[in-house]
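K.L.:
There are 8 protein chains.
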Amino acid sequence: MNAEFATEKHEKTARLETASIDLARAGRCGFPEVVYAEGKTTETVVAIFEEQLAHGIAPYATRVRPETLEVLTHHFPDGIPNPTARTFRFLPKNPQPTCGKVAIVTAGTSDLPVAEEARETVLWMNVEAVMIHDVGVAGPHRLMERVGDFSGCAAAVVIAGMEGALPSVVGGYVDFPVIAVPTSVGYGANFGGLSALLGMLNSCASNVAVVNIDAGFKGGYLAGMIATQHKNS
Amino acid sequence: MNAEFATEKHEKTARLETASIDLARAGRCGFPEVVYAEGKTTETVVAIFEEQLAHGIAPYATRVRPETLEVLTHHFPDGIPNPTARTFRFLPKNPQPTCGKVAIVTAGTSDLPVAEEARETVLWMNVEAVMIHDVGVAGPHRLMERVGDFSGCAAAVVIAGMEGALPSVVGGYVDFPVIAVPTSVGYGANFGGLSALLGMLNSCASNVAVVNIDAGFKGGYLAGMIATQHKNS
Amino acid sequence: MNAEFATEKHEKTARLETASIDLARAGRCGFPEVVYAEGKTTETVVAIFEEQLAHGIAPYATRVRPETLEVLTHHFPDGIPNPTARTFRFLPKNPQPTCGKVAIVTAGTSDLPVAEEARETVLWMNVEAVMIHDVGVAGPHRLMERVGDFSGCAAAVVIAGMEGALPSVVGGYVDFPVIAVPTSVGYGANFGGLSALLGMLNSCASNVAVVNIDAGFKGGYLAGMIATQHKNS
Amino acid sequence: MNAEFATEKHEKTARLETASIDLARAGRCGFPEVVYAEGKTTETVVAIFEEQLAHGIAPYATRVRPETLEVLTHHFPDGIPNPTARTFRFLPKNPQPTCGKVAIVTAGTSDLPVAEEARETVLWMNVEAVMIHDVGVAGPHRLMERVGDFSGCAAAVVIAGMEGALPSVVGGYVDFPVIAVPTSVGYGANFGGLSALLGMLNSCASNVAVVNIDAGFKGGYLAGMIATQHKNS
Amino acid sequence: MNAEFATEKHEKTARLETASIDLARAGRCGFPEVVYAEGKTTETVVAIFEEQLAHGIAPYATRVRPETLEVLTHHFPDGIPNPTARTFRFLPKNPQPTCGKVAIVTAGTSDLPVAEEARETVLWMNVEAVMIHDVGVAGPHRLMERVGDFSGCAAAVVIAGMEGALPSVVGGYVDFPVIAVPTSVGYGANFGGLSALLGMLNSCASNVAVVNIDAGFKGGYLAGMIATQHKNS
Amino acid sequence: MNAEFATEKHEKTARLETASIDLARAGRCGFPEVVYAEGKTTETVVAIFEEQLAHGIAPYATRVRPETLEVLTHHFPDGIPNPTARTFRFLPKNPQPTCGKVAIVTAGTSDLPVAEEARETVLWMNVEAVMIHDVGVAGPHRLMERVGDFSGCAAAVVIAGMEGALPSVVGGYVDFPVIAVPTSVGYGANFGGLSALLGMLNSCASNVAVVNIDAGFKGGYLAGMIATQHKNS
Amino acid sequence: MNAEFATEKHEKTARLETASIDLARAGRCGFPEVVYAEGKTTETVVAIFEEQLAHGIAPYATRVRPETLEVLTHHFPDGIPNPTARTFRFLPKNPQPTCGKVAIVTAGTSDLPVAEEARETVLWMNVEAVMIHDVGVAGPHRLMERVGDFSGCAAAVVIAGMEGALPSVVGGYVDFPVIAVPTSVGYGANFGGLSALLGMLNSCASNVAVVNIDAGFKGGYLAGMIATQHKNS
Amino acid sequence: MNAEFATEKHEKTARLETASIDLARAGRCGFPEVVYAEGKTTETVVAIFEEQLAHGIAPYATRVRPETLEVLTHHFPDGIPNPTARTFRFLPKNPQPTCGKVAIVTAGTSDLPVAEEARETVLWMNVEAVMIHDVGVAGPHRLMERVGDFSGCAAAVVIAGMEGALPSVVGGYVDFPVIAVPTSVGYGANFGGLSALLGMLNSCASNVAVVNIDAGFKGGYLAGMIATQHKNS
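Residue numbers (my numbering), protein chains in the order written: chain Z, 314 to 546; chain C, 314 to 546; chain V, 314 to 546; chain X, 314 to 546; chain L, 314 to 546; chain B, 314 to 546; chain S, 314 to 546; chain F, 314 to 546.
1) According to the neighbour-count rule (16 or more other Cβ atoms, all chains shown, within 10 Å of its Cβ), is C:H388 buried or exposed?
2) Assuming L:A451 and B:A478 form a contact by the criterion Cβ under 8 angstroms, report the distance between their Cβ atoms to the nearest whole angstrom.
3) Threshold first: 4 residues or longer. Then list the alpha helix (DSSP H) segments lying entirely within the stretch 470-501 of chain B, N to C.
4) Show which residues of chain S have a CB atom less than 8 angstroms away from the CB atom of L:G461.
5) Assign B:R376 to one of three DSSP states: helix, strand, or coil.
6) If you measure between the beta carbons of V:L329 and V:I361, is that distance less than 8 angstroms?
7) To the nearest angstrom, report how far apart F:P480 and Z:P410 are at their CA atoms.
8) If you count every other CB in all the chains shown that lies within 10 Å of the CB of X:P453, and 16 or more means buried, which is it?
9) How would you list, in chain order, the residues of chain L whose beta-carbon sits under 8 angstroms from the beta-carbon of B:G485?
10) Can you list the residues of chain B that L:G499 reaches, using a CB-CB cut of under 7 angstroms?
11) Give a yes or no on whether 8 angstroms exceeds the smallest Cβ distance from C:I541 to chain F.
12) CB V:C342 to CB V:A416, shorter than 8 angstroms?
13) Look at the Cβ atom of C:M475, then the Cβ atom of Z:N515, and state whether they are nearer than 8 angstroms.
14) Going by beta carbon distance, what residues of the same chain come within less than 8 angstroms of B:M538, once the five residues before and after it are set aside?
15) Which residues of chain L have a Cβ atom closer than 7 angstroms to the Cβ of V:D447, listed in chain order?
16) Please state the DSSP three-state secondary structure of C:F401.
17) Compute the Euclidean distance between the alpha carbons of X:T400 and X:A528, then round it to the nearest angstrom.
18) Are the Cβ atoms of F:V521 and F:A493 separated by less than 8 angstroms?
Below, the structure is given as structure tokens:
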């Protein structure tokens with residue numbers, strides 16, 4: 314278990330007025346509960362952060378609205394906002410060594426916000442991120458020029474919209490798991506990301522697993538978890 | 314108009330008991346009506362063939378059941394059966410020069426029957442076919458080893474199931490149209506070819522058009538038509 | 314390969330801050346990379362254009378927002394904006410002869426923006442466009458009155474929403490490929506263009522291939538490519 | 314109300330062991346209840362027929378299995394079996410004049426079984442049927458050659474699979490309602506008739522209404538009802 | 314053919330700048346072309362109306378935006394606007410007798426705009442409309458109280474959202490065709506009208522045909538056409 | 314808790330070779346675990362039954378294949394097989410009073426197997442079942458004739474395919490919950506029960522809840538549970 | 314029948330200008346008609362409320378717009394508004410004893426509005442509600458800590474978005490019916506609540522029935538009806 | 314790179330008559346190409362195996378038909394067949410140490426074939442598998458009794474049909490990645506595994522990634538790859 318995220322196991326739940334915080338998550342799952350800020354008021358996010366900080370937890374929130382992000386930035390000067398990713402995170406206190414880096418690969422520039430959410434997640438987990446942008450399959454030499462950058466990586470997050478072909482191609486070049494993130498980028502028969510999602514699920518590459526559409530956080534989280542597997546040995 | 318397919322324009326329709334044959338198709342569309350044998354009895358197919366031959370048309374049938382194919386083979390010794398493709402075709406009488414060959418590319422060995430249907434169609438149209446098999450994206454060097462084979466081609470038919478990524482990759486290597494044929498090969502979330510179909514429709518390569526699932530005939534027909542465009546100049 | 318689009322093959326990728334430009338596209342694919350402006354800032358589009366112009370490439374952008382279009386119009390007085398099509402293009406420097414015109418056909422007046430995007434694409438490729446508007450199948454004589462306009466064409470782009478029947482009917486009249494573009498025009502059970510898309514994929518006409526919903530660019534690009542096939546002979 | 318179908322209004326339901334027969338249907342709806350034989354045993358169909366005949370009703374059953382059809386043919390020598398349509402019907406006793414014929418139109422020969430079911434239904438209702446076969450849109454002159462056959466019709470049943478475009482084209486030629494019947498004929502992205510169904514629902518012709526996939530009975534029933542509307546004047 | 318809609322048959326198409334008007338529609342189909350105003354400018358609608366009036370046609374437009382409706386109301390004082398229905402129509406000049414009225418039935422008050430569009434269409438066709446509102450199946454006695462109102466009707470337009478059960482129930486009470494119009498009223502798993510559409514297509518009542526979601530115009534048009542069938546006798 | 318189903322709470326799981334039996338289910342949930350026999354061998358079902366009987370549990374299995382049913386019938390002479398329902402059940406030892414009967418209502422005779430599964434489930438729970446068959450909405454008087462049979466019922470299971478309208482209509486007549494079971498009965502656009510499922514989920518009646526397609530067991534189980542609610546007072 | 318909701322049975326329908334009120338609903342169904350305010354004007358809601366109050370009915374409206382809610386609050390000082398639930402209700406006059414409470418359980422804080430709608434419904438029916446918030450399955454101990462709160466409940470409403478797993482887990486702990494309400498909370502492949510809906514319909518727990526997406530009202534209504542079943546004994 | 318799978322890098326592709334074998338896969342991706350036997354003849358599988366063995370590769374085939382499995386078993390006595398999994402594998406020659414075991418968890422007994430395919434894959438990769446069967450969420454204590462078995466695991470493959478809730482619950486208990494495999498087990502609205510697939514993609518647990526329906530191989534492959542990550546450190 315990563316020491317910097319530890320909390321007392323016997324205190325399992327903190328009840329706020331509108332939420333109940335799972336304080337035991339890091340003990341069970343390796344990392345603390347992440348705040349999904351989508352349907353929460355700014356006040357609620359602040360309250361959860363303070364409760365987590367009081368228990369020695371380094372908070373992290375995703376899908377933060379711009380106005381909430383601004384309040385958090387002023388209220389918690391130690392925190393790190395990322396407006397493109399729509400995230401706010403704190404630095405872990407006792408960084409641990411990891412067993413590898415995480416490559417974050419995009420097919421096009423429109424996939425950037427999802428890639429940034431993945432990157433922030435990986436950084437919050439103490440893992441180094443290698444960014445490889447705009448290497449979609451229609452210009453095949455672009456990916457080949459970057460294959461060397463996969464060296465030292467333990468996992469890749471591959472982000473693509475439209476036909477979602479990039480994870481299959483990356484999967485054919487590497488010897489570690491690829492977490493594929495379909496995006497809703499595209500139009501017409503992409504049906505909000507369905508085309509990329511189905512493409513990735515049917516990937517002919519054996520080392521490709523898939524997460525939800527636009528789920529940069531989950532892609533980064535799984536890759537980061539793989540890159541910290543040494544803790545089990 | 315291809316001379317070998319010509320018929321008298323003023324006779325437009327031949328009425329059989331159970332079908333009406335469009336005799337003017339070659340005049341209007343460049344090639345005669347092709348017989349879709351799926352729901353037809355052997356007797357009907359034989360009758361249509363004889364009617365077409367009587368009007369100087371070289372017949373061609375697709376989706377022929379094995380028992381019908383056997384009858385046709387005995388009845389029309391000049392015809393060419395292909396059990397894998399489930400087709401039966403006649404040679405055109407006055408072969409014309411064309412402006413290029415057609416490449417027929419498959420992602421895996423399971424796509425073979427669809428590829429054979431495309432090939433028979435192209436041959437019936439007097440166009441040379443170049444077969445490139447089993448070059449799916451998970452082994453990227455396999456396609457690169459064959460890129461030279463595209464030389465002299467005017468169009469490609471690219472056939473793939475699963476995520477249907479191969480047409481996008483081929484599209485990035487060539488300067489002619491790619492007709493993508495999704496196949497129902499795969500399982501689970503490929504939903505009978507839907508995953509490959511959506512992937513191909515959302516291809517990030519500009520030169521990829523799509524036909525129906527498992528439609529080897531239509532893929533070959535369009536590519537063959539492109540390879541005979543000189544007739545318009 | 315069209316000479317006016319040529320660039321040095323040994324310089325393959327230009328890396329901007331937020332994008333990597335495929336400079337070798339025209340060498341491989343016959344035409345340079347087209348800028349899909351949807352998710353890009355005005356600054357990015359300007360930077361890409363300048364990089365392309367510096368390499369002797371005639372740029373072309375689609376899905377350009379009105380405010381970006383205005384900036385481009387002022388910044389590049391040689392370029393040609395089309396607000397209906399939402400495109401911005403430059404004239405190729407050494408126009409080449411082609412083997413035919415491209416017919417662009419619409420079912421109704423609501424399909425106009427998609428048709429304009431197809432037309433701009435065809436013009437950028439140095440190909441002549443023949444516009445045939447508002448000839449949907451419910452008034453069958455309207456198309457018949459225009460059949461003569463198909464003379465001298467090498468391909469047609471047929472654009473329709475609702476039931477998407479027009480490409481099948483056009484396909485029955487012509488001896489060249491029909492690229493069908495389904496549009497999201499309609500309501501209720503057209504499900505954002507799905508009805509037209511499925512109709513076109515299941516066309517009983519052999520010479521109909523399909524591209525994505527509202528994909529006027531891709532429809533024009535494929536038709537234009539067919540009309541410039543002489544370069545392979 | 315059609316006299317030949319009348320029954321006593323005060324007897325409304327006949328309870329058999331496994332079914333309850335709506336004896337009042339003809340009084341309320343103009344025609345008696347039709348037996349949908351799909352999930353019923355031969356004994357049940359025979360029992361219902363005898364009950365209906367005892368009340369002076371001319372029975373009619375659809376979706377009859379071959380073995381049941383054989384039994385019915387022997388048991389009721391006055392009845393008329395149609396193996397292609399999978400129907401069994403009795404002649405009405407007092408034929409009434411109608412206000413028009415019904416045209417039954419098919420796109421291809423594979424639509425024949427559905428067309429036969431429509432025809433049997435129309436005949437059971439005492440209405441004359443005009444059959445127009447194999448006039449799909451890819452050979453447009455074939456329909457034009459038959460337009461004269463619509464003369465004297467009060468409604469048309471138009472049956473098509475694949476893209477389902479034929480009802481729109483017929484709708485543009487006639488001044489009476491078109492009942493469109495999508496069929497599951499086709500393959501791949503026709504998704505069991507969905508493509509034809511959606512195409513017909515989105516028809517740009519104002520006079521096209523749609524019934525269920527392969528629903529020849531319902532198509533014929535509605536057309537027959539329109540052709541007997543004089544009874545309301 | 315309804316005399317009041319007649320035009321000269323030899324003038325078939327009027328070409329405006331942005332539309333081509335089918336002047337021969339009434340001769341072929343019984344009623345003139347109806348203007349679908351959705352994607353058209355106010356100027357275009359005015360121009361089409363003037364062209365139609367000049368040829369003795371009584372114009373009718375649906376899906377008219379409020380601002381266009383206001384202009385039409387001032388410009389054509391003889392026309393009749395209906396803001397709820399979003400329609401604008403002219404009175405036919407020589408009203409003809411019809412063979413019956415049309416019942417327009419709604420399941421709930423939210424279906425009113427669709428019902429009004431159906432009513433305006435029926436009135437434009439010279440047919441009398443009987444309105445029966447808010448008789449959804451959860452209060453079964455409400456429909457039974459109104460059954461007498463169906464007397465003298467030749468067809469019904471039945472409009473419902475949610476589960477779309479009302480047409481089946483109405484179908485069981487009447488001896489004329491029911492045109493079912495699914496609406497997008499509802500939420501959640503109604504999926505924009507899909508639940509009502511599928512329900513109506515699968516109706517167990519034999520006399521129910523279906524049109525597109527929210528297609529009040531088409532529902533009214535078909536019912537009106539049935540109510541004017543006497544012209545064929 | 315129903316006494317006849319009780320077992321010792323401290324023994325929670327019985328591990329067989331290929332299954333683990335939840336012995337504590339009756340203590341937690343009121344009734345013991347029911348055996349879903351679909352993917353299980355006859356031997357496994359026998360072994361589970363013997364284990365359950367040894368713990369004083371009255372077993373019940375659904376989706377039993379014919380050959381398994383025959384073995385069970387010989388092996389357990391006290392058990393009650395129902396081949397139509399494909400179930401096998403034992404009588405509870407100490408029947409308890411309940412607070413009401415359960416009505417089981419079908420739209421057509423094809424819904425019988427699902428209705429029988431519901432009935433067997435209700436009987437296994439010691440609850441009386443009232444069967445009301447073949448009262449679909451197209452013959453509305455048929456249901457009205459049976460409304461009196463709802464007297465004394467605490468819940469209804471309403472089973473229908475096609476448009477699935479019957480639960481809404483029943484819901485409008487009764488003052489207790491309706492559990493709606495969609496069936497896959499029908500063809501074409503019923504899409505394997507989807508039309509009935511969506512119809513029932515969108516029911517305008519407030520007292521209608523839905524279970525899975527063809528889920529006679531679950532419909533009966535929920536209705537039976539409601540009819541034994543007195544145990545909580 | 315609950316006495317406080319009673320009305321005279323012989324007055325069955327009140328006709329307002331734009332709606333017809335089912336006054337007999339409480340007599341037939343146990344509770345009066347609930348006003349679905351979505352498509353209704355404020356004036357209509359006020360008029361219906363006054364008509365219901367005049368007949369001794371305690372009104373209740375759901376899906377009330379904020380501006381309508383404000384008017385109702387001023388106009389009917391005895392009524393109880395709930396802006397989160399978007400409801401407005403009156404107290405029943407003669408509260409009756411019930412046979413149990415209703416548990417309302419949410420997976421996350423974003424499900425709150427749906428839960429509040431369920432709670433208001435239950436309260437309007439005179440039933441006590443037990444709220445159990447934010448106990449989604451990723452923190453399994455959170456639900457276990459609250460299991461004791463189910464004591465004395467007759468039914469549960471379980472509300473969840475995303476994968477909709479919570480009802481299955483709750484179903485495994487309780488001996489009463491669970492009414493599952495899928496919500497549209499989530500993103501990407503939840504497709505507006507479809508993922509939760511399908512998950513709940515396929516629940517492996519026998520005591521889980523499902524209502525429409527976001528249908529807090531219907532969930533509460535069914536649970537409340539179960540909790541008042543004693544009236545049938 | 315795992316030494317036992319090594320081959321010479323400069324020989325990249327072996328061309329058989331009907332397939333091209335990617336000999337460089339283990340060098341690039343850590344493990345050799347796995348033979349997907351679905352569409353291949355027995356002869357082809359034997360030929361590929363012999364080619365792979367000749368290059369020092371330990372072959373592994375999935376989706377092997379029973380008759381092919383029998384031939385392989387006789388032909389390759391060193392290989393290990395698994396009829397339930399439909400796989401055939403060889404032992405790696407130089408087993409390497411790994412960093413953890415893989416837990417394979419099923420919701421019900423029907424998920425066994427998929428679990429066996431995952432297990433064979435994991436064993437072929439030299440990784441130890443821990444089987445935890447039949448712990449679906451409706452009996453929550455069953456999983457809790459087995460939580461200790463996760464000790465020493467580096468990843469879990471969690472296999473479930475129906476609502477697919479089990480991966481979310483497992484995800485909440487463990488500190489390593491969960492690879493979720495949806496199965497087509499279930500009926501009705503599970504739509505061939507779609508319900509489980511969507512449920513897993515929308516999992517509220519952060520550490521859950523998903524593969525294709527019934528894709529036991531891919532689930533095992535990804536988990537096995539995670540368990541051998543030490544090779545990168």
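Ideal Cβ placement from N, Cα and C applies to all residues, glycine included.
P.N.:
So, to answer that:
1) exposed
2) The pair is not a contact, with the Cβ atoms about 11 angstroms apart (cut-off 8 angstroms).
3) 479-484
4) In chain order: nothing, as chain S lies at least about 15 angstroms away.
5) coil
6) yes
7) 28 angstroms
8) buried
9) V450, A451, G452 and P453
10) N515
11) A quick correction: the sequence has Thr, not Ile, at residue 541 of chain C. No, no contact with chain F.
12) no
13) yes
14) G343, F344 and M438
15) A332 and S333
16) strand
17) 13 angstroms
18) yes
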